[in-house]
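Novice:
Protein chains: 2
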Amino acid sequence: MATEVDLDRTDFAILRLLMKDAWLSNKEIAAAVGLAPSSCHERIKSLRTRGVLVSAHAEVNLQAIGFPLEAVLFVQLGKLEGQVVDKFLKSTAAIPEVRGVFLVSGRFDLLVHVVVHDMEHLKEIISQHFNRHAVVVRVETSVVFNHEARHVMPLAENKGKSAIS
Amino acid sequence: MATEVDLDRTDFAILRLLMKDAWLSNKEIAAAVGLAPSSCHERIKSLRTRGVLVSAHAEVNLQAIGFPLEAVLFVQLGKLEGQVVDKFLKSTAAIPEVRGVFLVSGRFDLLVHVVVHDMEHLKEIISQHFNRHAVVVRVETSVVFNHEARHVMPLAENKGKSAIS
DNA sequence: CATATATTCGAAATTTATTCGATTGACTGT
DNA sequence: ACAGTCAATCGAATAAATTTCGAATATATG
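Sequence lines, in order, name chains A and B.
Numbered according to the working numbering, the first sequence spans residues 2 to 166.
Numbered according to the working numbering, the second sequence spans residues 2 to 166.
1. How about L16(B): is its C-beta nearer than 7 Å to some C-beta of chain A?
2. Pick helix, strand or coil for V246(B), following the three-state DSSP scheme.
3. Are the Cβ atoms of E141(B) and V115(B) separated by less than 7 Å?
4. By the 10 Å Cβ neighbour count, where 16 or more other Cβ atoms means buried, how is F75(B) classified, buried or exposed?
5. With DSSP collapsed to three states, give me the class of V153(A).
6. When burial is assigned at 16 or more other CB atoms within 10 Å of the CB, is A135(B) buried or exposed?
7. Establish whether the CB of A94(A) and some CB of chain B are separated by less than 7 Å.
8. Comparing alpha-carbon positions, which option in A14(A), A72(A), D87(A), E125(A) lies nearest S106(B)?
9. In the region 71-103 of chain A, which residues sit with their C-beta less than 7 Å from some C-beta in chain B, listed in chain order?
10. On the CB-based measure, 16 or more other CB atoms within 10 Å of its CB, does D7(B) come out buried or exposed?
11. Suppose contacts are defined by Cβ-Cβ distances below 7 Å. Is V53(B) in contact with V61(A) by that definition?
12. For A164(A), which residues of its own chain have a beta-carbon under 7 Å away from its beta-carbon, when the five flanking residues on both sides are left out?
13. Interface residues of chain A around L19(B) at Cβ under 7 Å?
14. Provide the residue span of the alpha helix (DSSP H) that contains E29(A), from first to last.
15. Which ranges does the alpha helix (DSSP H) cover as unbroken runs of at least 4 residues, wholly within the region 32-69 of chain A, from first to last along the chain?
16. In terms of DSSP beta bridges, what is R139(A) paired with?
17. If I follow the unbroken alpha helix (DSSP H) through G83(A), where does it start and stop?
18. Looking at F103(A): is its Cβ nearer than 7 Å to the Cβ of V145(B)?
19. Would you call M120(B) buried or exposed, if buried means 16 or more other Cβ atoms sit within 10 Å of its Cβ?
20. Check the Cβ-Cβ distances between L156(B) and every residue of chain A, and say whether any is below 7 Å.
21. Could you give the DSSP three-state label for F103(B): helix, strand or coil?
22. Taking just the CA atoms, how far does T4(B) sit from E5(A)?
23. Is V113(B) buried or exposed, if buried means 16 or more other CB atoms sit within 10 Å of its CB?
24. Quick one: Cα of K88(A) to Cα of E125(B), how far?
25. Just grab the DSSP bridge partners of V116(B) for me.
26. Would you please verify whether the beta carbon of S163(B) is less than 7 Å from any beta carbon of chain A?
27. Against L54(A), what residues of chain B qualify as contacts under a CB-to-CB distance less than 9 Å, listed in chain order?
28. Can you check whether the C-beta of N147(B) is within less than 7 Å of a C-beta belonging to chain A?
29. Do Q84(A) and V138(A) have their beta-carbon atoms positioned less than 7 Å apart in this structure?
30. Should R151(B) be flagged as near chain A, meaning a C-beta pair shorter than 7 Å?
31. Using the Cα positions of L1(A) and S92(A), report the straight-line distance between them to the nearest angstrom.
32. Sorted by chain position, which residues of the same chain lie with C-beta nearer than 7 Å to P38(B)'s C-beta, five sequence neighbours on each side aside?
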């Protein structure tokens with residue numbers, strides 16, 4: 002598993018820009034970080050092959066396509082047998098309406114973020130999926146009033162660990 | 002606020018592709034949905050101006066840049082006065098380590114997803130930010146064992162509501 | 001200080017994005 | 001059914017960006 006990589010200030014600048022806006026052209030990024038387009042291109046290619054830059058995803062306005070309601074499900078699971086839980090996790094993540102799954106420690110075992118058309122739709126997902134599996138002990142549902150996703154480097158400017166370490 | 006938009010099967014196909022991989026070229030998308038590049042380009046432009054396609058963000062391997070630990074904070078807030086809560090939400094979202102903030106109904110008021118270097122770093126964020134604000138009544142912390150984000154259309158194939166409705 | 005390695009650059013070659021007028025197809029009202 | 005209106009699609013031309021690559025520069029190593 003790729004855990005550590007050497008990145009300099011310029012790499013971080015590139016990553017920071019692409020996290021904010023993956024639609025930036027190579028030319029624009031090059032200008033922003035002070036490199037020639039060819040050099041910048043080389044670095045981006047390297048970041049991808051090294052597994053730092055993983056992918057890019059477009060964000061669509063889910064309200065606009067008929068999903069105005071969001072919820073978080075707090076799921077308690079029974080005695081965790083690796084196999085069964087893993088299967089349930091996979092099948093949960095495979096539901097189109099599911100936007101994220103967190104397997105966590107503490108009072109709950111699983112947090113599931115879903116988007117739905119309406120309350121009926123939400124009820125359907127819970128009753129058809131979660132209340133059907135034996136591993137699920139209990140589900141608590143919270144409606145999401147407001148949700149903000151942050152696509153920024155979790156690091157203050159110029160705090161990139163250089164290769165000097 | 003833009004809530005409803007007319008989208009046909011092709012629009013959904015384009016959105017589905019871009020959600021999965023925002024690095025696809027216009028040419029590739031055009032081929033995949035069976036349009037000429039110029040037509041596809043026109044549609045994508047329209048999707049953006051209509052506010053359906055909002056943005057795109059690169060996903061970086063946070064392990065690789067020194068953030069191997071994730072946590073979810075369950076926050077209870079005091080009597081919700083709009084102004085104060087709103088300010089606290091904004092300041093929370095402004096923390097670089099925060100990846101998402103959910104204002105929810107139910108047992109907790111706020112869910113915060115954070116990435117950190119280590120436990121010390123996590124403790125620091127909680128004590129420096131959350132335990133410093135009067136609105137915060139209580140914080141429960143869960144370590145994230147596993148986290149899967151889903152970047153797919155929350156809709157089964159060919160289930161796009163056509164303009165016929 | 002000399003050697004080896006990695007980065008950077010600029011220019012050429014390739015590919016892609018973008019514009020635009022003409023054509024096709026779909027919808028409206030009579 | 002039919003003419004008229006509007007929107008979508010296409011292909012070709014132009015503009016712009018990506019990608020490759022050898023030479024030059026900088027950086028690290030012994």
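Quick reminder that beta carbons are idealized off the backbone N, C-alpha and C, glycines included.
Specialist: The relevant details are as follows:
1. Walking along the second sequence from the start, residue 16(B) turns up at place 15. Yes, contact with chain A.
2. An answer regarding residue 246(B) cannot be provided, because it is not within the stretch 2 to 166 covered by chain B.
3. Taking the second sequence and counting its residues from 1, one reaches residue 141(B) at position 140. Taking the second sequence and counting its residues from 1, one reaches residue 115(B) at position 114. No, these two residues do not count as a Cβ contact at 7 Å.
4. For this step, residue 75(B) is matched to residue 74 along the second sequence. That one is buried.
5. As a working note, residue 153(A) is residue 152 in the first sequence. In the structure shown, V153(A) sits in coil (DSSP, three-state: anything other than H, G, I, E or B).
6. Counting from 1 along the second sequence, the entry for residue 135(B) is found at position 134. By the neighbour-count rule (16 or more Cβ atoms within 10 Å), A135(B) is not buried but exposed.
7. Numbered from its first residue, the first sequence carries residue 94(A) at position 93. Yes, A94(A) counts as interfacial toward chain B.
8. Numbered from 1 along the second sequence, position 105 holds the residue referred to as residue 106(B). Looking at the Cα atoms, A72(A) is the closest of the given residues.
9. V73, A94, P97, E98, V99, R100, G101, V102, F103
10. Translated into the one-based positions of the second sequence, residue 7(B) becomes position 6. The C-beta of D7(B) has fewer than 16 other C-beta atoms within 10 Å across all chains shown, which makes the residue exposed.
11. Position 52 of the second sequence, counted from the start, is the residue given in the question as residue 53(B). Position 60 of the first sequence, counted from the start, is the residue given in the question as residue 61(A). At the C-beta level, V53(B) and V61(A) come within 7 Å of one another.
12. Sequence index remark: in the first sequence, residue 164(A) carries index 163 (1-based). Any reading at A164(A) needs caution, since the residue's pLDDT is 31, under 50, leaving its predicted position unreliable; the model's value is listed next. Around A164(A): D7, D9.
13. Walking along the second sequence from the start, residue 19(B) turns up at place 18. By Cβ distance, chain A contributes A59.
14. Sequence index remark: in the first sequence, residue 29(A) carries index 28 (1-based). Unbroken alpha helix (DSSP H) run through E29(A): 27-34.
15. 38-50
16. Start at 1 with the first residue of the first sequence, and residue 139(A) comes out as number 138. Paired residue(s): Q77(A).
17. Mapped onto the first sequence, residue 83(A) falls at position 82. Note, G83(A): alpha helix (DSSP H), 83-94.
18. Along the first sequence, one-based indexing puts residue 103(A) at 102. Along the second sequence, one-based indexing puts residue 145(B) at 144. Yes, these two residues count as a Cβ contact at 7 Å.
19. One-based indexing of the second sequence puts residue 120(B) at position 119. When all chains shown are included, M120(B) counts as exposed.
20. Reading the second sequence from its first residue, position 155 is the one you call residue 156(B). Chain A contact via Cβ: present.
21. Taking the first residue of the second sequence as 1, we reach residue 103(B) at position 102. In this structure, F103(B) counts as strand in the three-state DSSP scheme.
22. As a position in the first sequence, residue 5(A) is number 4, starting the count at 1. As a position in the second sequence, residue 4(B) is number 3, starting the count at 1. Near 43 Å, if we compare the C-alpha coordinates of T4(B) and E5(A).
23. Translated into positions along the second sequence, residue 113(B) becomes position 112. Looking at its Cβ environment, which holds 16 or more other Cβ atoms inside 10 Å, V113(B) is buried.
24. For this step, residue 88(A) is matched to residue 87 along the first sequence. For this step, residue 125(B) is matched to residue 124 along the second sequence. If I take the Cα positions, the gap works out to 36 Å.
25. Within the second sequence, numbered from 1, the residue matching residue 116(B) stands at position 115. DSSP lists E71(B) as partners of V116(B).
26. Counting from 1 along the second sequence, the entry for residue 163(B) is found at position 162. Note that S163(B) has pLDDT 35, beneath the 50 cutoff, so the model's placement of it is unreliable and no number is given.
27. As a working mapping, residue 54(A) is identified with position 53 in the first sequence. Under the 9 Å cutoff, chain B gives A59, E60, V61, N62.
28. In the second sequence, residue 147(B) corresponds to position 146, counting from 1. Chain A, which has a Cβ nearer than 7 Å to the Cβ of N147(B), makes this yes.
29. By 1-based counting over the first sequence, the position of residue 138(A) is 137. By 1-based counting over the first sequence, the position of residue 84(A) is 83. Result no, Cβ atoms of V138(A) and Q84(A) do not sit closer than 7 Å.
30. If you number the second sequence from 1, residue 151(B) lands on position 150. Yes, because at least one Cβ of chain A sits closer than 7 Å to the Cβ of R151(B).
31. Limits of chain A in this structure are 2 at one end and 166 at the other, which puts residue 1(A) out of reach.
32. The count along the second sequence starts at 1 and reaches residue 38(B) at position 37. Answer for P38(B): N27, K28, A31, listed in chain order.
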